[in-house]
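Reviewing the structure listed below.
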Amino acid sequence: MKVAFVGATRGMGRALARGLAERGDALFLLGRDPGEMDLSARDLESRGAAGPVSHAPLDLARPEGFAEALAAADRALARMDALVVTGGAFASQNDLAQDPARLAALLHANFTGTALLCQQAAERLAAAGGGLVCAFSSVAGDRARRSNYLYGASKAGLSAFLDGLDLAYRERGVPVLCVKPGFVRTGMTAGMPVPPFAGEPDAVARDVIAAMDARRHVVYAPSVWRWIMLIIRALPRAVLRRVRF
Amino acid sequence: MPPSDAPPPPLEPVAGWGRHPIVPGRVERPEHLALPPGFEPLVARGLGRAYGDAAVPARPGGRVVESTRADRIRSFDPATGRLHCEAGLSLAEILRVFVPRGWFPPVTPGTRFVTVGACVACDVHGKNHHRDGSFGNFVERITLLTADGRLVQCGPARERELFLATVGGMGLTGLIVEVVLHLRRIETPWIVLETQGMASLEVLLEGLRLSAAHWPYTVGWIDCLARGRHVGRGILMRGRHATAAEAGAHRARRPSRLRVPFDAPEWLLNPLFMRWFNGVYAWTHGRTLRRRVVSYDRFFYPLDAIADWNRLYGPRGFLQYQCVVPRGAGSRPVLALLERLAAAGAASFLAVIKDCGPGSDAYLSFPLEGTTLALDLPYRGAPTESLLHDLNGIVIEHGGRVYLAKDAITRPDDFARMMPRLREWQAVRDRWDPARRFRSGLSVRLLGDPA
Chain B
105 MKVAFVGATR
115 GMGRALARGL
125 AERGDALFLL
135 GRDPGEMDLS
145 ARDLESRGAA
155 GPVSHAPLDL
165 ARPEGFAEAL
175 AAADRALARM
185 DALVVTGGAF
195 ASQNDLAQDP
205 ARLAALLHAN
215 FTGTALLCQQ
225 AAERLAAAGG
235 GLVCAFSSVA
245 GDRARRSNYL
255 YGASKAGLSA
265 FLDGLDLAYR
275 ERGVPVLCVK
285 PGFVRTGMTA
295 GMPVPPFAGE
305 PDAVARDVIA
315 AMDARRHVVY
325 APSVWRWIML
335 IIRALPRAVL
345 RRVRF
Chain G
46 MPPSDAPPPP
56 LEPVAGWGRH
66 PIVPGRVERP
76 EHLALPPGFE
86 PLVARGLGRA
96 YGDAAVPARP
106 GGRVVESTRA
116 DRIRSFDPAT
126 GRLHCEAGLS
136 LAEILRVFVP
146 RGWFPPVTPG
156 TRFVTVGACV
166 ACDVHGKNHH
176 RDGSFGNFVE
186 RITLLTADGR
196 LVQCGPARER
206 ELFLATVGGM
216 GLTGLIVEVV
226 LHLRRIETPW
236 IVLETQGMAS
246 LEVLLEGLRL
256 SAAHWPYTVG
266 WIDCLARGRH
276 VGRGILMRGR
286 HATAAEAGAH
296 RARRPSRLRV
306 PFDAPEWLLN
316 PLFMRWFNGV
326 YAWTHGRTLR
336 RRVVSYDRFF
346 YPLDAIADWN
356 RLYGPRGFLQ
366 YQCVVPRGAG
376 SRPVLALLER
386 LAAAGAASFL
396 AVIKDCGPGS
406 DAYLSFPLEG
416 TTLALDLPYR
426 GAPTESLLHD
436 LNGIVIEHGG
446 RVYLAKDAIT
456 RPDDFARMMP
466 RLREWQAVRD
476 RWDPARRFRS
486 GLSVRLLGDP
496 A
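Here the protein sequences line up with chains B and G, keeping their order. The first sequence begins at 105 in my numbering and counts up one residue at a time. The second sequence begins at 46 in my numbering and counts up one residue at a time.
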């Protein structure tokens with residue numbers, strides 16, 4: 105594959121980009137920090153990415169730059185055939201509840217920005233003959249919980265969008281994969297209490313690559329979270345009001 | 046990204062692989078190695094395979110900077126094997142990425158779950174020490190974040206003193222951020238392995254000596270419970286990387302996924318069980334020479350196949366004891382150590398013996414030309430500690446020393462007697478970290494650092 109990748113420098117994105125590089129895919133990095141992208145580009149090249157890995161600026165909060173960023177990826181990859189978005193904003197429920205500006209920025213990047221980017225990319229890939237869109241949502245979007253419904257809402261919106269995008273574009277040759285990670289030990293979740301069934305980034309990356317290859321439209325990672333969320337979604341509201349998680 | 050006003054990380058128990066001692070610490074796992082804000086002392090940590098207190102905070106609640114997420118490869122030159130990486134890259138990753146391309150770590154300890162930074166800080170050695178020396182011999186450059194917050198490059202030819210103090214310096218000269226090292230070319234991932242039963246310690250040591258000339262990797266295994274004329278009987282193992290012709294049609298198997306799910310009960314380790322275990326092991330090898338081709342992980346990392354194997358030693362944990370004694374003393378010190386162990390009825394799963402080549406110039410590097418012995422002992426409080434002090438006495442008497450990556454017990458005065466270049470090392474440390482920003486349980490115990 106020839107993949108334009110948003111978020112390859114950190115956490116699950118770093119692990120997934122490495123997984124793709126190690127099997128010889130070509131990569132083009134998009135993100136905010138050129139220094140970080142440089143470091144990750146060299147890492148991915150050393151691990152076997154096809155050809156040199158270059159990068160261009162992209163900020164999920166600034167949709168006006170998306171067209172140019174996708175065009176740069178297309179040029180560098182000699183027609184990209186996949187977009188992967190693992191990047192996004194994260195903050196604790198407390199911080200978001202107390203700081204409206206921060207909440208607005210998170211909702212904007214995680215939902216508006218990511219949706220606009222994936223929509224443009226899907227259209228671009230369909231027009232060029234097909235490809236794949238893969239974006240990281242979260243199990244937090246499957247059911248609102250009092251402890252993280254603000255972040256969860258941004259991901260619920262994204263999950264709904266990706267679900268629809270897949271319906272609209274799969275028949276035009278662009279399947280869309282919505283990844284729903286459960287709790288994964290990364291820098292993003294550092295300092296948070298670690299629940300049972302916590303996952304590791306490398307294992308998530310393996311599951312996601314398998315789901316990409318199988319052209320699935322949704323994947324939970326680690327896969328046990330599919331069943332956990334099935335139960336949590338089925339909980340009666342009266343129960344959800346009582347539990348504190 | 047966590048905000049800059051993020052609270053310090055929550056407390057979690059921090060221990061070495063032997064799970065003794067355990068100290069609560071605040072562990073950061075940054076993707077970019079940096080000093081935490083303020084002037085609080087900190088200890089660097091990798092994958093936690095040092096057995097004792099080397100990567101344990103100096104005091105309860107102390108800061109720990111774990112390097113495992115700072116694991117990017119900065120560059121790799123496929124023509125020369127020169128690898129420039131961040132300090133948190135593990136040998137497991139290096140093996141996974143580079144073995145298929147025909148490269149192997151120049152030196153590897155008995156586990157692949159060790160970071161490059163830790164390989165430098167402990168100046169680790171392996172089965173090829175008699176031929177190649179320790180890890181530091183293959184390091185071209187270290188990028189060190191020093192106590193004053195500067196990034197300092199050091200190597201054999203630049204800031205040489207700092208380099209010699211950092212290799213084997215147990216992370217106490219600064220935070221190792223990046224390393225440039227040289228990998229070794231291999232033709233196949235396979236190892237030609239020969240094993241042979243050895244009737245006594247003398248025969249085993251002679252076997253190691255004779256094998257050293259022709260085999261890059263040698264090691265012996267000793268049956269600690271054998272008595273009388275059988276003392277020191279064991280198995281000699283020697284290996285080399287197989288050529289393509291020798292490897293033939295061997296195919297890699299999936300790595301084992303065994304895991305020890307809970308702390309084993311302590312009766313499992315009673316002397317009778319150990320005697321049986323050791324007897325079976327010796328019997329299965331017999332006395333004849335066997336040659337076969339095995340995968341590199343079976344040869345180098347037999348214990349890595351069982352995740353969390355340290356839990357076999359029960360909830361009180363265990364100590365690993367590894368010492369080296371100069372060759373000049375012959376087999377006497379090893380015999381004395383084995384006799385003292387037998388007298389204590391203290392059995393061991395593993396007693397590993399190996400001949401070391403010439404030592405390194407690094408001030409605190411462990412290996413010296415002679416014989417090294419390593420064994421595990423379940424931790425049973427004061428009796429275990431006093432046994433180890435007795436063993437240290439034998440080691441000091443013969444001019445040897447213990448390996449800090451394994452140590453949790455040695456006393457500071459004993460340590461000073463083992464390390465003839467300790468003063469020189471301390472002078473370098475005084476220059477680069479006068480306030481002791483870099484501190485560990487080990488540095489408090491052995492070097493008198495404030496807790």
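For every residue, glycine included, the Cβ atom is placed at its ideal position computed from N, Cα and C.
Member of the options whose CA lies at the smallest distance from the CA of residue i
{"i": "LEU418 of chain G", "options": "G:TRP235, G:CYS167, G:THR153 and G:ASP268", "result": "G:ASP268"}
{"i": "ALA137 of chain G", "options": "G:PRO123, G:GLY107, G:ALA166 and G:LEU92", "result": "G:LEU92"}
{"i": "ALA99 of chain G", "options": "G:VAL276, G:PRO105, G:LEU357 and G:VAL88", "result": "G:VAL88"}
{"i": "LEU207 of chain B", "options": "B:THR218, B:GLY245, B:ALA193 and B:ALA219", "result": "B:ALA193"}
{"i": "VAL343 of chain B", "options": "B:TRP329, B:ARG247, B:ARG319 and B:GLU149", "result": "B:ARG247"}
{"i": "LEU210 of chain B", "options": "B:TYR253, B:ALA125, B:GLY123 and B:PRO305", "result": "B:TYR253"}
{"i": "SER158 of chain B", "options": "B:PRO167, B:ASP178, B:ASP317 and B:ALA171", "result": "B:ASP178"}
{"i": "PRO150 of chain G", "options": "G:VAL109, G:ARG186 and G:LEU226", "result": "G:LEU226"}
{"i": "LYS106 of chain B", "options": "B:ILE335, B:PRO340, B:MET316 and B:ARG337", "result": "B:MET316"}
{"i": "ALA260 of chain B", "options": "B:ASP270, B:GLY286, B:THR290 and B:PHE215", "result": "B:PHE215"}
{"i": "LEU196 of chain G", "options": "G:TRP477, G:GLY126 and G:ASP406", "result": "G:TRP477"}
{"i": "ASP378 of chain G", "options": "G:GLU76, G:ILE67 and G:GLY438", "result": "The residue you asked about is not Asp; residue 378 of chain G is Pro in the sequence shown. Looking at the Cα atoms, G:GLY438 is the closest of the given residues."}
{"i": "ARG482 of chain G", "options": "G:ARG94, G:ALA103, G:GLY97 and G:ALA202", "result": "G:ALA103"}
{"i": "GLY486 of chain G", "options": "G:PRO428, G:TYR96 and G:GLY126", "result": "G:TYR96"}
{"i": "GLY169 of chain B", "options": "B:ALA225, B:GLN197 and B:VAL188", "result": "B:ALA225"}
{"i": "TRP148 of chain G", "options": "G:VAL184, G:ILE231, G:ASP193 and G:ASN173", "result": "G:ILE231"}
Residue i - containing alpha helix (DSSP H), residue span
{"i": "ARG64 of chain G", "result": "Unbroken run through ARG64 of chain G: none, as it is neither H nor E."}
{"i": "ARG206 of chain B", "result": "204 to 211"}
{"i": "ARG474 of chain G", "result": "467 to 477"}
{"i": "ILE441 of chain G", "result": "427 to 442"}
{"i": "ARG343 of chain G", "result": "341 to 345"}
{"i": "MET141 of chain B", "result": "138 to 150"}
{"i": "ASP116 of chain G", "result": "Counting along the chain, ASP116 of chain G falls outside any alpha helix (DSSP H), and DSSP gives it neither H nor E."}
{"i": "VAL189 of chain B", "result": "First-last for VAL189 of chain B: 186 to 189, but that is the beta strand (DSSP E), not the alpha helix (DSSP H)."}
{"i": "CYS164 of chain G", "result": "161 to 166"}
{"i": "ASP452 of chain G", "result": "Segment: none, ASP452 of chain G is in no alpha helix (DSSP H) and carries neither H nor E."}
{"i": "PHE170 of chain B", "result": "170 to 180"}
Supposed contact pair residue j and residue i - C-beta distance, whole angstroms, cut 8 Å
{"i": "THR188 of chain G", "j": "VAL212 of chain G", "result": "Their Cβ separation, rounded to whole angstroms, is 14 Å, which puts THR188 of chain G and VAL212 of chain G out of contact at 8 Å."}
{"i": "SER112 of chain G", "j": "LEU246 of chain G", "result": "Contact flag wrong, Cβ pair sits at about 40 Å."}
{"i": "GLY234 of chain B", "j": "VAL110 of chain B", "result": "The pair is not a contact, with the Cβ atoms about 20 Å apart (cut-off 8 Å)."}
{"i": "MET141 of chain B", "j": "PRO305 of chain B", "result": "Wrong, their Cβ atoms sit about 18 Å apart, outside the cutoff."}
{"i": "VAL280 of chain B", "j": "LEU269 of chain B", "result": "5 Å"}
{"i": "LEU348 of chain G", "j": "GLY155 of chain G", "result": "7 Å"}
{"i": "ALA132 of chain G", "j": "VAL161 of chain G", "result": "6 Å"}
{"i": "GLY277 of chain G", "j": "LEU249 of chain G", "result": "6 Å"}
{"i": "ARG151 of chain B", "j": "VAL142 of chain G", "result": "6 Å"}
{"i": "GLU73 of chain G", "j": "VAL110 of chain G", "result": "5 Å"}
{"i": "GLY123 of chain B", "j": "ALA154 of chain B", "result": "Wrong, their Cβ atoms sit about 14 Å apart, outside the cutoff."}
{"i": "ARG304 of chain G", "j": "ASP353 of chain G", "result": "6 Å"}
{"i": "HIS170 of chain G", "j": "PRO412 of chain G", "result": "5 Å"}
For residue i: DSSP bridge partner residues
{"i": "PRO340 of chain B", "result": "In DSSP, PRO340 of chain B forms no bridge with anything."}
{"i": "GLU131 of chain G", "result": "G:GLU223"}
{"i": "ARG228 of chain B", "result": "Beta-bridge pairing links ARG228 of chain B to no other residue."}
{"i": "TRP354 of chain G", "result": "TRP354 of chain G pairs with nothing; no bridge assigned."}
{"i": "GLN367 of chain G", "result": "G:ALA419"}
{"i": "VAL298 of chain B", "result": "Per DSSP, none; premise fails for VAL298 of chain B."}
{"i": "PHE149 of chain G", "result": "G:ARG229"}
Opening and closing residue of the beta strand (DSSP E) in which residue i lies
{"i": "GLY136 of chain G", "result": "As written in the sequence, residue 136 of chain G is Leu, which differs from the Gly given in the question. It is not in any beta strand (DSSP E) - LEU136 of chain G instead sits in the alpha helix (DSSP H) that spans 136 to 143."}
{"i": "VAL224 of chain G", "result": "220 to 227"}
{"i": "THR240 of chain G", "result": "235 to 243"}
{"i": "THR188 of chain G", "result": "184 to 190"}
{"i": "ILE313 of chain B", "result": "Run containing ILE313 of chain B: none in the beta strand (DSSP E); it sits in the alpha helix (DSSP H), 305 to 317."}
C-beta neighbour in chain D for residue i, strict 8 Å
{"i": "GLY139 of chain B", "result": "No chain D appears in the structure shown, which is made up of the protein chains B and G."}
Members of the stretch 110 to 121 of chain G that neighbour chain B once the beta carbon cut-off is set at 8 Å: ARG114, ARG117, ILE118, ARG119, SER120 and PHE121
Residues in the stretch 269 to 302 of chain B having any Cβ partner in chain G nearer than 7 Å: GLY291, ALA294 and GLY295
Residues of the stretch 136 to 155 of chain B with Cβ closer than 8 Å to any Cβ of chain G, in chain order: LEU143, SER144, ARG146, ASP147, SER150, ARG151 and GLY152
The stretch 122 to 133 of chain B: positions lying closer than 8 Å to chain G by Cβ: GLU126
Contacting positions in the stretch 55 to 76 of chain G - beta carbon closer than 8 Å to chain B: PRO55, GLU73, ARG74, PRO75 and GLU76
Contact list for the stretch 138 to 152 of chain G against chain B, Cβ threshold 7 Å: VAL142
Cβ-based contacts, 7 Å cut-off: residues of the stretch 110 to 121 of chain B near chain G: ARG114
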